[in-house]
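Mapping of the sequence shown onto the numbering used here: residues 7 to 143, in sequence order.
Take a look at the structure set out below.
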Amino acid sequence: MDGKAILKLRSPKKENIQNLYHESYELTHCEYSLKKSTNKNGQVDGDVAGGEIIVALPMLPNDNIMIWVLDVSRKYNGEITINDAFSESLERIYFEEGRPVNFRLHYEPGDTTNIVLLLTINVQKLTIGEEEYINKR
């Protein structure tokens, strides 16, 4: 099944009165993880919390991406939409206060289609369907 995933970014509401997305990127890979805390005996002792999102973009990093990566205070809200081959939405994941915590550029000799930008984004709130997962600070 061919389809595609899109990452859309926007500034938090206080800086973005109309709550508009200002950047959109096609993804070649995405994944997200949720986690539970454990005690010293390895037993689960907490609720599920929002976690991390890993995305792969088939591009060289642009200025907006690099500013987001290098500015420790910059946060974006956003969504990832996963569509099937007919552009029907299979899943939509929303996140708030996303900050890149890992940046990697992978290149293999050849042409520019061999470039992949990998970002790990830590999020404070992750919404999947009707469920919200919040990182405790």
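All C-beta atoms in this analysis are idealised placements derived from N, C-alpha and C, irrespective of residue type, glycine included.
Taking buried to mean at least 16 other C-beta atoms within 10 Å of its own C-beta, is residue i buried or exposed?
i: Ser-139; result: Note on residue identity: the sequence assigns Tyr, not Ser, to residue 139. Buried.
i: Tyr-31; result: buried
i: Phe-101; result: buried
i: Ala-11; result: buried
i: Asn-45; result: exposed
i: Gly-84; result: buried
i: Ile-73; result: exposed
i: Val-107; result: exposed
i: Leu-132; result: buried
i: Gly-56; result: buried
i: Val-50; result: exposed
Over the uninterrupted beta strand (DSSP E) stretch that includes residue i, give me the two end residues.
i: Val-61; result: 55-63
i: Asn-128; result: 121-128
i: Ser-39; result: 35-41
i: Glu-136; result: It is not in any beta strand (DSSP E) - Glu-136 carries neither H nor E in the DSSP assignment.
i: Lys-142; result: Lys-142 -> no beta strand (DSSP E), and no H or E assigned at all.
i: Lys-10; result: 10-16
Under DSSP, the alpha helix (DSSP H) around residue i begins and ends at which residues?
i: Val-75; result: 69-76
Under 8 angstroms between the Cβ atoms of residue i and residue j?
i: Gly-104; j: Ile-127; result: yes
i: Asn-120; j: Gly-9; result: no
i: Ile-60; j: Leu-13; result: no
i: Leu-63; j: Leu-111; result: no
i: Ser-17; j: His-28; result: yes
i: Ser-39; j: Glu-58; result: yes
Quick one: complete beta strand (DSSP E) runs, 3+ long, within the segment 73-112?
82-89
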